[in-house]
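Taking it in order: structure first as structure tokens, then the write-up.
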Amino acid sequence: DGKCDPRGRLWIGSISRVGPGGADLDPGQAALYCLDGWGSKPTRVLTGVTISNGLCWTGDKFYYIDSPTCHVDVFDFAADAEGSTALSNRRHAIKVSDGFPPVPDGAALDSEGMLWVACFGAGEVRRYDTRTGVLLAVVRLPSSAGMECTACAFGGASLDELYVTCAHEFWSEEQQASMPHAGSLFKVTKRELDKLCVPGGIRGAPMSLFKK
């Protein structure tokens with residue numbers, strides 16, 4: 001995943017794969033980087049990563065996902081510090097599972113500070129309480145989309161719609177034919193979100209733009 005922090009720096013994570021077509025993971029060989037404008041070089045912020053995902057900032061906290069860990073971690077975040085020193089005090093915030101499937105993938109924060117996590121291997125997005133780790137709500141994709149839910153983001157003029165992506169990674173033609181909506185983009189409407197949460201109260205947290 002790649003997103004901008006409150007200062008407009010672009011944070012970009014990588015994935016470590018080996019083998020034919022990159023089908024196998026190479027644990028701990030990926031990293032998370034920070035780019036402070038087009039004129040700078042990326043700074044390596046975290047190492048020992050396998051699949052970097054789920055970058056979200058709120059106040060003095062940064063939520064981060066290394067998917068195979070099956071957790072969402074939280075760091076203390078110092079917005080005025082350089083990228084390499086902005087993170088400290090890493091700890092678990094949310095336990096998504098005991099192992100694949102599913103694993104947490106992309107994530108998005110809402111206006112109440114709750115975290116929406118795309119669950120790869122479950123075909124759903126889950127809303128968690130960031131203070132307690134408690135599961136609050138679930139958005140399930142149609143069965144025709146398969147189970148590889150990859151990311152979510154709030155959109156619409158009022159940020160009151162949720163957009164969800166899914167994949168068909170390393171599938172055969174027969175598998176893709178049996179689940180024709182895998183690899184699609186879905187929209188969860190305001191009305192549907194109201195049914196899951198407080199009516200009229202759920203919106204996405206505003207996103208930061210990249211500084212040029």
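Residue 8 in UniProt numbering sits at position 8 of the sequence shown, and the numbers go up by one each step.
Just so you know, even glycine gets a beta-carbon here, dropped at the ideal spot from N, CA and C.
Linking V164 to K41 through their CA atoms gives a straight-line distance of about 31 angstroms. Secondary structure at G48: strand, using DSSP grouped into helix, strand and coil.
Sequence-distant Cβ neighbours of A93 in its own chain, meaning closer than 7 angstroms and more than five residues away, are Y63, V72, D73, V74, T130, G133. With a beta-carbon spacing of about 19 angstroms, L55 and K95 fall beyond the 8 angstroms limit used to define contacts.
Within the region 81-106, the complete beta strand (DSSP E) runs of at least 3 residues fall at 87-95. Around the beta carbon of R191, a 10 Å sphere encloses fewer than 16 other beta carbons of the protein chains shown; the residue is thus reported as exposed.
Residue state for A30 is assigned as strand, using DSSP reduced to three classes.
Contact annotation: G83 and D36 have beta-carbon atoms nearer than 8 angstroms.
Close CB contacts of T58 within its chain, under the 7 angstroms cut and outside five residues either way in sequence, are with L109, G113, A205 (chain order).
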